[in-house]
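Accompanying notes for the structure given below.
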Amino acid sequence: MAHRGQEAARRRSRRVLVRGRRVSDRTPGARRPSRQGRVVAELGRPETPEETAARKAENSRNHRARQTVNNLVFSLLATVGVVILIVLVVPRSDEPLDRAVDWMGVAAEAQQSRPETLVSPDLPDTWSSNYAEIRSTGTGGVTSWNVGFVTPSEEFVGVIQGFDADPTWLAAQLNRSIASSVTTIGGLEWTVYDNRESTDDVGNVHYAMSTEVGSSTIAVFGTGTVDEITTVVEAIAPQAALNASNGDE
Numbered sequence: 001m002a003h004r005g006q007e008a009a010r011r012r013s014r015r016v017l018v019r020g021r022r023v024s025d026r027t028p029g030a031r032r033p034s035r036q037g038r039v040v041a042e043l044g045r046p047e048t049p050e051e052t053a054a055r056k057a058e059n060s061r062n063h064r065a066r067q068t069v070n071n072l073v074f075s076l077l078a079t080v081g082v083v084i085l086i087v088l089v090v091p092r093s094d095e096p097l098d099r100a101v102d103w104m105g106v107a108a109e110a111q112q113s114r115p116e117t118l119v120s121p122d123l124p125d126t127w128s129s130n131y132a133e134i135r136s137t138g139t140g141g142v143t144s145w146n147v148g149f150v151t152p153s154e155e156f157v158g159v160i161q162g163f164d165a166d167p168t169w170l171a172a173q174l175n176r177s178i179a180s181s182v183t184t185i186g187g188l189e190w191t192v193y194d195n196r197e198s199t200d201d202v203g204n205v206h207y208a209m210s211t212e213v214g215s216s217t218i219a220v221f222g223t224g225t226v227d228e229i230t231t232v233v234e235a236i237a238p239q240a241a242l243n244a245s246n247g248d249e
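The numbering of the sequence shown is the UniProt record's numbering, which starts it at 1 and goes up by one.
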């Protein structure tokens, strides 16, 4: 009877105490089952090794992309900061930028390459010039001396002196304006073009005067008042008269 009780006790207990801890009585040398990969919700199953590698590679690419965007943002912010710093540090003047042209100086330099006397009016300080130049590719291939002025009334007056020009060239410069009268200024005869009441598109030729002296055809035109245009004509008339001999050469 005692033997049977001991056998039953051994059957009920599947574990034995070894050195103060319990161990399983499974067969020695048996391997534990391998741990399964984590279950992915989208797949409903554990990842395969290939899927795990692909996921890690994608995460790495996304991380690098985020770093690139962040670097671009930081670079842009740094550039903007430098620009703001330059604007704040560089001294600025409250005075308006003077872009006036020294037309008399330009005329003196250009005169060295022309046999004709270039007209260059001596005007009060209330006048300024916004251009002064020789143009060699004008209408009909005519070379011309050109000066533009801003008048005391903030209007425009232009002076053009064409060399060996014909009537077609002059008509083009004055936007096909029709002569309205003739006047004499500085001993020269000037043709007057009065477009102030015209409904035609005459551009900036609201009023003009022209004359021919020697090989030079000279016109003064613009949006300035009649007095302002007359002032320029009176200033250049003595210079224009010096070209009378050029027509005989």
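Glycine included, each C-beta is placed from N, C-alpha and C at the ideal position.
Residue i bridges to which residues according to DSSP?
{"i": "F163", "result": "S216"}
{"i": "R135", "result": "S144"}
{"i": "A107", "result": "In the DSSP output, where bridge partners are listed per residue, A107 has none listed."}
{"i": "D201", "result": "In DSSP, D201 forms no bridge with anything."}
{"i": "T211", "result": "I218"}
{"i": "S129", "result": "F149"}
Looking at the unbroken beta strand (DSSP E) that takes in residue i, where does it start and where does it end?
{"i": "D227", "result": "No beta strand (DSSP E) holds D227; the alpha helix (DSSP H) holding it covers V226 to A241."}
{"i": "E155", "result": "Per DSSP, E155 belongs to no beta strand (DSSP E) and is neither H nor E."}
{"i": "F181", "result": "In the sequence under discussion, the amino acid at residue 181 is Ser, which differs from the Phe named in the question. S181 to I185 is the extent of the beta strand (DSSP E) around S181."}
{"i": "T191", "result": "L188 to D194"}
So, is residue i buried or exposed, given that buried needs 16 or more other C-beta atoms within 10 angstroms?
{"i": "H206", "result": "buried"}
{"i": "Q239", "result": "buried"}
{"i": "G20", "result": "Because G20 sits at a pLDDT of 47, beneath the cut-off of 50, its placement in the model cannot be relied upon, and the following sentence gives the value as read from the coordinates. Flag for G20 reads exposed."}
{"i": "Q67", "result": "exposed"}
{"i": "L85", "result": "exposed"}
{"i": "Q112", "result": "exposed"}
{"i": "Y131", "result": "exposed"}
{"i": "V213", "result": "buried"}
{"i": "L188", "result": "buried"}
Less than 9 Å between the beta carbons of residue i and residue j, yes or no?
{"i": "G158", "j": "G105", "result": "no"}
{"i": "F163", "j": "W190", "result": "no"}
{"i": "E109", "j": "Q161", "result": "no"}
{"i": "G203", "j": "V233", "result": "no"}
{"i": "D122", "j": "A235", "result": "yes"}
{"i": "E155", "j": "G224", "result": "yes"}
Is residue i near the ligand NAP - that is, is its Cβ less than 8 Å away from at least one heavy atom of it?
{"i": "S153", "result": "This structure does not include the ligand NAP; it has no bound ligands of any sort."}
For residue i, I'd like the list of residues in its chain whose CB is within less than 6 Å of its CB, leaving aside the five on either flank, ordered along the chain.
{"i": "R135", "result": "S144 and N146"}
{"i": "F149", "result": "W127, S129 and V157"}
{"i": "A165", "result": "V142 and T217"}
Under 8 Å Cβ to Cβ from residue i, same chain only, skipping five residues before and after it: list those, please.
{"i": "S180", "result": "V192, Y193 and D194"}
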